[in-house]
Amino acid sequence: MNEGTSSTGRSSAADGTPIDPPASFVARANVTDGSLRDAFAERWPECWDRAADFLDWTSPYDRVLDAANGYDWFAGGTLNASYNCVDRHVEAGRKSHAALKWEGCLGETRTYTYHDLYREVNALAAALRARGVEAGDVVTTYMPVLPELPVTMLACARLGAVHSVVFAGYSADALAMRLADTGSTCLLTCDGYYRRGTAHDLKRKADNACLDVPQSVDRLIVDRLDDDRTYGDNYVEYATLVDEYGGETVDPVPREATDPLFVIYTSGTTGRPKAVRHTTGGYLAQVAWTSHAVLDLEPGDTHLCSADVGWITGHSYVVYGPLALGATTVLYEGTPDYPERDHLWGIVERNAVDVFYTAPSVIRAFMKWGAEYPERHDLSSLRLLGTVGEPVDETTWRWYYDHIANGECPIVDTWWQTETGGILVSTLPGVDPMRPGAAGPPLPGVSADVLGPRGTSVDAGEAGSLVLTRPCPGMAVGLGESTGEAPADWRYVTGDAAAVGADGYIRLLGREGNALNVAGRRLGTREIEAAIVGVEGIAEAAVVGVEGPQRDTALYAYVTPQRDAGPVSPLRERVREAVAAAIGGFAAPDVVVFTPDLPKTRSGKVLRRHLRRIADGEAVSDTGSLRNPEIVGELESIVDSVS
Ligand code: WT7
7 MNEGTSSTGR SSAADGTPID PPASFVARAN VTDGSLRDAF AERWPECWDR AADFLDWTSP
67 YDRVLDAANG YDWFAGGTLN ASYNCVDRHV EAGRKSHAAL KWEGCLGETR TYTYHDLYRE
127 VNALAAALRA RGVEAGDVVT TYMPVLPELP VTMLACARLG AVHSVVFAGY SADALAMRLA
187 DTGSTCLLTC DGYYRRGTAH DLKRKADNAC LDVPQSVDRL IVDRLDDDRT YGDNYVEYAT
247 LVDEYGGETV DPVPREATDP LFVIYTSGTT GRPKAVRHTT GGYLAQVAWT SHAVLDLEPG
307 DTHLCSADVG WITGHSYVVY GPLALGATTV LYEGTPDYPE RDHLWGIVER NAVDVFYTAP
367 SVIRAFMKWG AEYPERHDLS SLRLLGTVGE PVDETTWRWY YDHIANGECP IVDTWWQTET
427 GGILVSTLPG VDPMRPGAAG PPLPGVSADV LGPRGTSVDA GEAGSLVLTR PCPGMAVGLG
487 ESTGEAPADW RYVTGDAAAV GADGYIRLLG REGNALNVAG RRLGTREIEA AIVGVEGIAE
547 AAVVGVEGPQ RDTALYAYVT PQRDAGPVSP LRERVREAVA AAIGGFAAPD VVVFTPDLPK
607 TRSGKVLRRH LRRIADGEAV SDTGSLRNPE IVGELESIVD SVS
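Count along the sequence shown starting at 1, add 6, and that's the number in our numbering.
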């Protein structure tokens, strides 16, 4: 064992000392072969057959990678994702094993065995088929984390329909935009959901969204709240349909590996969210492989990923990855601190969770609340911990390692994006030492580089732009650009700043450009600005993210009212409401700063870099390029008084 870990299992390494994975973990890890990166590199792209081998194919693929036709993975192969996540585990004699365990906000629990999952997915698929859903159609869901959500995703996959899961925290407008954009004519939603024990209406938002789209939408509704509300003629109850079609089976429709499995929206560089399309074969192979190699899951393991299913993390590592491997996935509705701040740790204990995967912002919240909450629970079932979504600062990493891992579980800091479908940068937990603060080297088969402003690689340790230099199977359709015919000419600019150490470990430094990650959720500052300037009385807005001491991000909105707008205090609430209406309450700015003007260059470009420094409380010295340098001092004193 490394000197960084003392005999009590508490870490005491000085900054920068790598920590070896605990020997007890290595002894039973899925991947312990230290030469795997080299082996993959020698056989690229054929090496990715290793990922495809985690799946059952209806017909084999012709080639691992076909670069002729825009980088098709496993072309010629056919498969069905629902078969891979459900049927084959039933056929392998695991029908009475738990596939899915759910803990509701009010303390309810539900368990679905693989057989239960098989029955309900089939019944819902039969119902959807009877309602006209066919292969290639887009089915939208709008619900919180309920078992019915993965069931719906898998029922769609069974029919070859493409799902579009919309996070329940999105507004009616955000749902309408997604419905209209995909032309989806089928929506599964629920009446409402509980948050901190209080019921919230969801159906009304779904109704409003449907009023706002050109197509007519067939609506199915899950009764979550169990009150006496009736839903009206526009809705059919999910439970009624599943009863009616109970016992029916639907043959899984074989899909081309390159056929879309789902579409998911994320913030891009413009004021509008962008659609990201993931394939059936490449995506599923990548998430199954990384669930095995990075999350170290095996059949029979219990996995808890705290992400909402509505985000890509939930798609890949709550639903598809664990279920493709035949593991048990734990879903929880609600928040980590309700009814108490030990809620998640109670879930870990009650379900004897083996692998726990969360976002650094969640760990930071736990750290703030104190170690007494995890200490109330027996966490000894945990074998591996993971983080995703934001950089983990060293203090947070240490706290996670000392108080949750008890020095006995490795931590994987996994870097990836909605666009990449699955994890691309991480240590292999049974192989690589951990370096708190750095995610790790690219996974086997993955190639990345850090480029400077001239487009050439920067020196070790220097900051630049993280670029992927080879395509991977899990990547979204059409990702990256090619300057030639060969895979070697392919590039994808990730939008992240990074530095790579002499050890090959990639340290993520935050987003470049105008996308932000707030509490593990990507937000586009342009989308938020577009919502703010839609408020009557507002002339201009610039939104920036400001990093706190532990690398958590706060959203600052600098807003210029129109001259005749009157008093600004009512505007503050309207700004937040407008963002909640356009996107969702979770995107509302933390701080709204009213200012008579924004710092601009002579050509009228807003200098967001200055706004970031001002919010940070740092001095802005380079005001030379500004047309209105006097605004800087004024803004500094305004920010001082509001934050
Ligand atoms: C962005 C992608 C991937 C699922 C969750 C977010 C940031 C992701 C890490 C990490 C530092 C990370 C990046 C990335 N990010 N993982 N381990 N360390 N930053 O998905 O909303 O598509 O956001 O999240 O900035 O580009 P997403």
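Backbone N, C-alpha and C fix where the C-beta goes; we use that ideal spot for every residue, glycine too.
For residue i, three-class secondary structure by DSSP
i: residue 611; result: coil
i: residue 362; result: strand
i: residue 629; result: coil
i: residue 478; result: coil
i: residue 355; result: helix
i: residue 473; result: strand
i: residue 448; result: strand
i: residue 434; result: coil
i: residue 618; result: helix
i: residue 8; result: Low confidence applies here, because residue 8 scores a pLDDT of 38, under 50, leaving its location unreliable and the question unanswered by this model.
i: residue 140; result: coil
i: residue 624; result: coil
i: residue 105; result: strand
i: residue 370; result: helix
i: residue 281; result: strand
Limits of the unbroken alpha helix (DSSP H) element including residue i
i: residue 463; result: Where residue 463 is concerned, there is no enclosing alpha helix (DSSP H), given that its DSSP letter is neither H nor E.
i: residue 496; result: Premise fails: residue 496 lies in the beta strand (DSSP E), 496-506, not in any alpha helix (DSSP H).
i: residue 321; result: No alpha helix (DSSP H) holds residue 321; DSSP gives it neither H nor E.
i: residue 287; result: 287-299
i: residue 590; result: Run containing residue 590: none; DSSP gives neither H nor E here.
i: residue 648; result: 636-648
Top-ranked residue by Cα proximity to residue i, from the options
i: residue 349; options: 318, 99, 310 and 214; result: 310
i: residue 71; options: 208, 547 and 263; result: 263
i: residue 624; options: 554, 326 and 558; result: 554
i: residue 191; options: 91, 198, 398 and 219; result: 219
i: residue 269; options: 260, 322, 238 and 294; result: 322
i: residue 151; options: 590, 333, 581 and 337; result: 337
i: residue 58; options: 43, 76, 80 and 42; result: 80
i: residue 366; options: 526, 279 and 265; result: 526
i: residue 117; options: 171, 308 and 136; result: 308
i: residue 131; options: 572, 248, 304 and 240; result: 248
i: residue 265; options: 273, 479, 595 and 503; result: 479
i: residue 547; options: 306, 494, 382 and 606; result: 606
i: residue 455; options: 252, 32, 505 and 537; result: 505
i: residue 394; options: 613, 422, 401 and 38; result: 422
i: residue 461; options: 474, 38, 452 and 634; result: 474
i: residue 277; options: 551, 172, 530 and 405; result: 530
Expected contact under 8 Å - CB spacing of residue i and residue j to nearest Å
i: residue 448; j: residue 430; result: 6 Å
i: residue 442; j: residue 410; result: So it is not a contact: roughly 14 Å between Cβ atoms.
i: residue 549; j: residue 563; result: 5 Å
i: residue 584; j: residue 568; result: 15 Å between Cβ atoms; not a contact.
i: residue 444; j: residue 557; result: Residue 444 to residue 557, Cβ: 13 Å. No contact.
i: residue 388; j: residue 354; result: 7 Å
i: residue 502; j: residue 517; result: 6 Å
i: residue 305; j: residue 333; result: 6 Å
i: residue 295; j: residue 60; result: 6 Å
i: residue 434; j: residue 37; result: 5 Å
N-terminal and C-terminal residue of the beta strand (DSSP E) that residue i is part of
i: residue 120; result: Unbroken run through residue 120 is the alpha helix (DSSP H), 120-136; no beta strand (DSSP E).
i: residue 25; result: Element bounds for residue 25: n/a, residue is neither H nor E.
i: residue 515; result: 512-517
i: residue 228; result: 224-228
i: residue 329; result: Note, residue 329: premise wrong, no beta strand (DSSP E); alpha helix (DSSP H) at 327-330.
i: residue 454; result: 454-457
i: residue 524; result: 521-524
i: residue 529; result: 527-530
i: residue 483; result: Segment: none, residue 483 is in no beta strand (DSSP E) and carries neither H nor E.
i: residue 310; result: 308-311
i: residue 315; result: Residue 315 -> no beta strand (DSSP E), and no H or E assigned at all.
i: residue 338; result: 334-338
The ligand ATP heavy atom lying under 7 Å from the CB of residue i
i: residue 620; result: Absent from the structure shown: the ligand ATP. Ligands present: the ligand WT7.
task = Could you name each continuous alpha helix (DSSP H) segment of 4 residues or more that falls completely within the segment 381-431, going from the start of the chain to the end?
result = 400-405
Contained alpha helix (DSSP H) runs [length at least 4] in the segment 236-277, N- to C-terminal order = For the segment 236-277, whole alpha helix (DSSP H) runs of length 4 or above, ordered along the chain, are 244-250.
query = Which runs of the alpha helix (DSSP H) fall wholly inside the segment 30-103 and span at least 4 residues, in chain order?
reply = 42-48 and 55-58
message = As an exercise, report each continuous beta strand (DSSP E) stretch of at least 3 residues that is fully enclosed by the segment 538-588, in chain order.
response = 544-553 and 559-567
ask   = For the segment 142-218, which segments carrying the alpha helix (DSSP H) assignment without a break, of at least 4 residues, lie completely within its bounds, in sequence order?
value = For the segment 142-218, whole alpha helix (DSSP H) runs of length 4 or above, ordered along the chain, are 154-165, 178-188 and 209-217.
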